[in-house]
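**Student:** Structure incoming, see below.
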């Protein structure tokens, strides 16, 4: 080999690496300048995204989208969870390959088909037992795991009703053997996956009260994360926390903040031989505690009984005409009511197949959500408004090749304020891929009503009320605007439907009396889904 050829062989990879670093730093610098003006000069390969550059979790999502576009590659979920510096991202870019969910990697899911429902079940435990005893092999969920670094494809595994019940009973037996008593709280801080599902039901079968806590986005921050959420553990009087192995190192810290906490457990600690248990949860028992805050203020644990949850599931099922033929696709976190109750418990009750992804799978590459719906012929799939906006604005046409959303009959939009502009943009962007405008469905709910409170009529599509801005702000009245009114003088408000069956809503003034239509006031509701109150508050 000549000297020139030898130098080319050595310098080629070096030049390529330098070029990649330059391109990456340019992308990072542009984002930093947009979000934190004046900090772009600090950007280097070893700059810490949050500490040095001020990029929070949402900003890092935007960064991953821009990096993926710049390099034409799909970054693995680890990029969001583990990358702390541009140097970390550079290593992941070097390993990444396009991670497309294709039929070659996972066979399309098949809906379970018609099934009778557990109409007389009084608890979620009875719901699971009902399905498992009648059709133990029926698939309850198709659980997507992490992206396989070697193939760039997601790991995926089915979970049947029989498997969920058997594994949950083993968890329950292990908890009882460790001293868990009925109505004691057990916190769960686990990522989306099989362990979360079996641990949650295991706590309920043992008679305990699950307390979901969201896991940290990056394990490097687990100590700080747990310290900030120790208020929840203390308020719930949790005796155990089931979490990832990395949390064992801060057990002493947690016990000092939450005196009732006896042990930090991992799923591997909870695999005993299932034994008959004496306690059976009742309809009035607390099914779980849904905390609405805690990281920045005093936590509020919404008390939800089994009766509350089943009333809400049955009412929502009527509103959306749910059947065992539906396929429910969700990436929503299982510590949040929309993902936990709406997606998981709803699928469980109605016998529909749940195709479950992690939030990181969506955030690191949003098109995965749409591709899973397309591949598995999803019929129901909810998300907050930001997810629809992200897909409408950020996805490249090349990412959507072959997409078919014609099976998606309800694209539920809730959990945060709904934007009329987003509804329109999403409908327009994905109409060429089979999405029907009537599928776009804004909904309203709150944790104090389990999850759902108002749904629009099926097949109506978005309804937008255009009202006079001045009247709304000055007189607190929603006056319909003239058709030719200037855009700056109006406010567009999406309708979120009517109360669920057996639920009521009214709008009241400061004196507590009901107001006439189209006046601004406070919302009051009542119905069988309503909480009895906040835990120890």
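In this note's numbering, the protein residues as written are 164 to 700.
Even for Gly, the Cβ is constructed at its ideal location relative to N, Cα and C.
Please report how far the alpha carbon of residue 247 lies from the alpha carbon of residue 212, in whole angstroms.
**Tutor:** Using only the alpha carbons, I get a separation of about 6 Å.
**Student:** Can you tell me whether residue 620 is buried or exposed? The criterion is at least 16 other CB atoms within 10 Å of its CB, across all chains shown.
**Tutor:** Classification of residue 620: exposed, given that the 10 Å Cβ count is below 16.
**Student:** Roughly how many whole angstroms lie between the Cα atoms of residue 478 and residue 504?
**Tutor:** Distance between the alpha carbons of residue 478 and residue 504 is about 13 Å.
**Student:** Give me whichever residues DSSP pairs with residue 401 in a beta bridge.
**Tutor:** Answer is 348, bridged to residue 401.
**Student:** Kindly list the residues whose CB is nearer than 6 Å to the CB of residue 497, restricted to its own chain and excluding five residues on each side of it in sequence; keep chain order.
**Tutor:** Result list for residue 497: 355, 359 and 503, in chain order.
**Student:** How many angstroms separate the CA atom of residue 365 from the CA atom of residue 342?
**Tutor:** Using only the alpha carbons, I get a separation of about 14 Å.
**Student:** Give the list of continuous beta strand (DSSP E) stretches no shorter than 3 residues that lie fully inside the stretch 596-634.
**Tutor:** Within the stretch 596-634, the complete beta strand (DSSP E) runs of at least 3 residues are 603-605, 615-618 and 627-631.
**Student:** With which residues is residue 687 paired in a DSSP beta bridge?
**Tutor:** Residue 687 is bridged to 669.
**Student:** Is residue 686 near the ligand FMN, judged by its Cβ being under 6 Å from some heavy atom?
**Tutor:** By its list of ligands, the structure shown contains no ligand whatsoever, and the ligand FMN lies outside what it can speak to.
**Student:** Let me check one thing: in DSSP terms, what residues is residue 576 bridge-paired to?
**Tutor:** Answer is 546 and 605.
**Student:** Determine the extent of the alpha helix (DSSP H) in which residue 414 is found, giving its start and end residues.
**Tutor:** Per DSSP, residue 414 belongs to the alpha helix (DSSP H) from 414-420.
**Student:** For the stretch 458-491, list the beta strand (DSSP E) runs that are entirely contained and at least 3 residues long, ordered along the chain.
**Tutor:** Counting whole runs of 3 or more residues, the stretch 458-491 contains the beta strand (DSSP E) stretches 464-468.
**Student:** Apart from the five residues just before and just after residue 266, which ones in its own chain have a Cβ nearer than 7 Å to its Cβ?
**Tutor:** Any reading at residue 266 is ruled out, since the residue's pLDDT is 36, under 50, leaving its predicted position unreliable.
**Student:** Any idea which residues DSSP pairs residue 372 with across the strands?
**Tutor:** Beta-bridge pairing links residue 372 to 348.
**Student:** The alpha helix (DSSP H) with residue 333 in it runs from where to where?
**Tutor:** Where residue 333 is concerned, the enclosing alpha helix (DSSP H) stretches over 324-340.
**Student:** What ranges does the alpha helix (DSSP H) occupy inside the stretch 489-553, keeping only unbroken runs of at least 4 residues that lie completely in it?
**Tutor:** Whole alpha helix (DSSP H) segments, 4+ residues: 509-513, 522-527 and 530-539.
**Student:** Would you report the Cα separation of residue 322 and residue 285, rounded to the nearest angstrom?
**Tutor:** Cα to Cα, residue 322 sits roughly 24 Å from residue 285.
**Student:** Taking the alpha-carbon positions, what's the residue 587 to residue 632 distance?
**Tutor:** If I take the Cα positions, the gap works out to 21 Å.
**Student:** Tell me which residues share the same chain as residue 578 and place their Cβ nearer than 6 Å to its Cβ, disregarding the 5 neighbours each side in the sequence.
**Tutor:** Answer for residue 578: 501 and 547, listed in chain order.
**Student:** Give the single residue among 513, 495, 541 and 499 whose Cα lies nearest to the Cα of residue 523.
**Tutor:** With distances taken between Cα atoms, residue 523 lies closest to 495.
**Student:** Which residue from 452, 376 and 541 puts its Cα closest to that of residue 487?
**Tutor:** Among 452, 376 and 541, the Cα nearest to that of residue 487 belongs to 541.
**Student:** With distances taken Cα to Cα, identify the nearest neighbour of residue 600 among 568, 611 and 609.
**Tutor:** With distances taken between Cα atoms, residue 600 lies closest to 568.
**Student:** Have a look at residue 627 and residue 593 and give me their C-alpha separation to the nearest angstrom.
**Tutor:** Roughly 20 Å separates the two Cα atoms.
**Student:** Which of the three DSSP states is assigned to residue 250 in this structure?
**Tutor:** Of the three classes helix, strand and coil, the one that applies to residue 250 here is helix, per DSSP.
**Student:** For residue 566 and residue 596, what's the separation of their Cα atoms in angstroms?
**Tutor:** Those two C-alpha atoms are separated by around 6 Å.
**Student:** Determine the burial state of residue 347: buried for a count of at least 16 other Cβ atoms within 10 Å of its Cβ, exposed for fewer.
**Tutor:** Buried: at least 16 other Cβ atoms inside 10 Å.
**Student:** Residues in its own chain within less than 6 Å of residue 386 by CB, not counting five upstream and five downstream?
**Tutor:** Same-chain partners within the cutoff: 413.
**Student:** Cβ of residue 288 within 7 Å of Cβ of residue 367?
**Tutor:** Result yes, Cβ atoms of residue 288 and residue 367 sit closer than 7 Å.
**Student:** Give me, in chain order, the residues of the same chain whose beta-carbon lies closer than 8 Å to that of residue 437; leave out the 5 immediate sequence neighbours on both sides.
**Tutor:** Correct list, in chain order: 329, 332, 333, 335 and 336.
**Student:** Give the DSSP-derived three-state secondary structure of residue 321 in the structure shown.
**Tutor:** Three-state result, residue 321: strand.
**Student:** If you measure between the beta carbons of residue 376 and residue 392, is that distance less than 7 Å?
**Tutor:** In this structure, residue 392 lies closer than 7 Å to residue 376 by Cβ.
**Student:** Which residue's Cα is closest to the Cα of residue 372: 450, 614 and 307?
**Tutor:** Checked all of 450, 614 and 307; the closest Cα to residue 372 is 450.
**Student:** If you follow the alpha helix (DSSP H) that residue 709 is in, where does it begin and where does it stop?
**Tutor:** Given a span of 164 to 700 for the chain in the structure shown, any question on residue 709 remains unanswerable.
**Student:** Please classify residue 640: does DSSP put it in a helix, a strand, or coil?
**Tutor:** In the structure shown, residue 640 sits in a strand (DSSP, three-state: E or B).
**Student:** Please report the straight-line C-alpha distance between residue 442 and residue 344, rounded to a whole angstrom.
**Tutor:** In a straight line, the C-alpha of residue 442 is about 9 Å away from that of residue 344.
**Student:** Less than 8 Å between the CB atoms is what I'm expecting for residue 606 and residue 575, so what's the real figure, rounded?
**Tutor:** Yes, they are in contact, since the Cβ atoms of residue 606 and residue 575 sit about 5 Å apart, within 8 Å.
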